[in-house]
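Colleague: Going by our numbering, the first residue of the sequence shown is number 13, and it counts up by one from there. We put the beta carbon where it would ideally sit given N, CA and C, even for glycine. All of these numbers come straight from a predicted model, not from anything done at the bench. Take this structure first; my questions come after.
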Amino acid sequence: MPLLAAIPSPIQIGRNGTRLIDPPEAHAAAFARNRAIALDDPFEPALLDLIRRTAREGEWTTDTIHGIGHRQIEATPRAGPAMAFALRRPALYNWLSQATRCGPLVDVDGPVGQTRAGSGEAIGWHNDLGVPQRRLAIIVNLSDDPYEGGEFELKDVASGNILIRHRHGGPGSTLIFDVARALSHRVLPVTAGGPRRVFAGWFLGPDAVRR
């Protein structure tokens, strides 16, 4: 299956606000088809540089997710909360809600994590509904160095069919995908280079997902 191609971002997220370039309706059909959207450059450079530098300067600790896999996350969360704060914008919530038809969004949460080549670190199949308010997931590339491997896969649980595969492009490239009981996703091991460093978070609704 070919990789899901990133598009020029229809939104621009900066320190002082979010600029909406395309109407959400222009991307609704593609999201419904793929259950995901990949954005090439949604962050203003100054904001992205700040968050990447914060992650780069941090210390890391092992995060084991029972039955799923393990990775490293920030020992003292700094870059993760900074990214969540940048995404916590009503205009962005409204745009995503309309583009994805996921229902209302009220918050963002998530850590910055990394997986390293040769470490055995990877994240197996799961659906992110350990917190039932999660409506959408977001992965933002914060890596400093190129890497091989580390692809993301999203599948339909009933059929087992892979719906999309995705590999991040440059720093700031972003994947937003649906969180639902009918879907499962994983991240394959990094095989060389890296580490693969990302913000891996969620947009939350006011109540539990019913899809």
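(1) Counting along the chain, where does the beta strand (DSSP E) carrying residue 203 start and finish?
(2) Near residue 150, what residues of its chain come up, given a Cβ to Cβ distance below 6 Å and the 5 sequence neighbours on each side ignored?
(3) With H, G and I counted as helix, E and B as strand and the rest as coil, what does DSSP make of residue 71?
(4) Give the range of the beta strand (DSSP E) segment to which residue 148 is assigned.
(5) Can you tell which of 28, 208, 87 has its C-alpha closest to the C-alpha of residue 135?
(6) Based on the DSSP output, what are the partners of residue 119 in its beta bridges?
(7) Below 8 Å on the Cβ atoms is my contact criterion, and I expect residue 216 with residue 157 to pass it. Report the Cβ-Cβ distance as a whole number of Å.
(8) Under 7 Å Cβ to Cβ from residue 147, same chain only, skipping five residues before and after it: list those, please.
(9) Could you please give me the residues that DSSP links to residue 82 through a beta bridge?
Modeller: Taking the coordinates as given:
(1) Residue 203 -> beta strand (DSSP E) spans 202-205.
(2) Around residue 150, the same chain offers 188, 213 as residues with beta carbons nearer than 6 Å, after the five sequence neighbours per side are excluded.
(3) Three-state result, residue 71: coil.
(4) Where residue 148 is concerned, the enclosing beta strand (DSSP E) starts and stops at 146-153.
(5) Among 28, 208, 87, the Cα nearest to that of residue 135 is on 208.
(6) For residue 119, which the question treats as bridged, DSSP gives the partners 216.
(7) In this structure residue 216 is not in contact with residue 157, their Cβ atoms being roughly 32 Å apart against a cut-off of 8 Å.
(8) Excluding sequence neighbours, residue 147 sits near 114, 115, 117, 191, 215, 216, 217, 221.
(9) DSSP lists 76, 134 as partners of residue 82.
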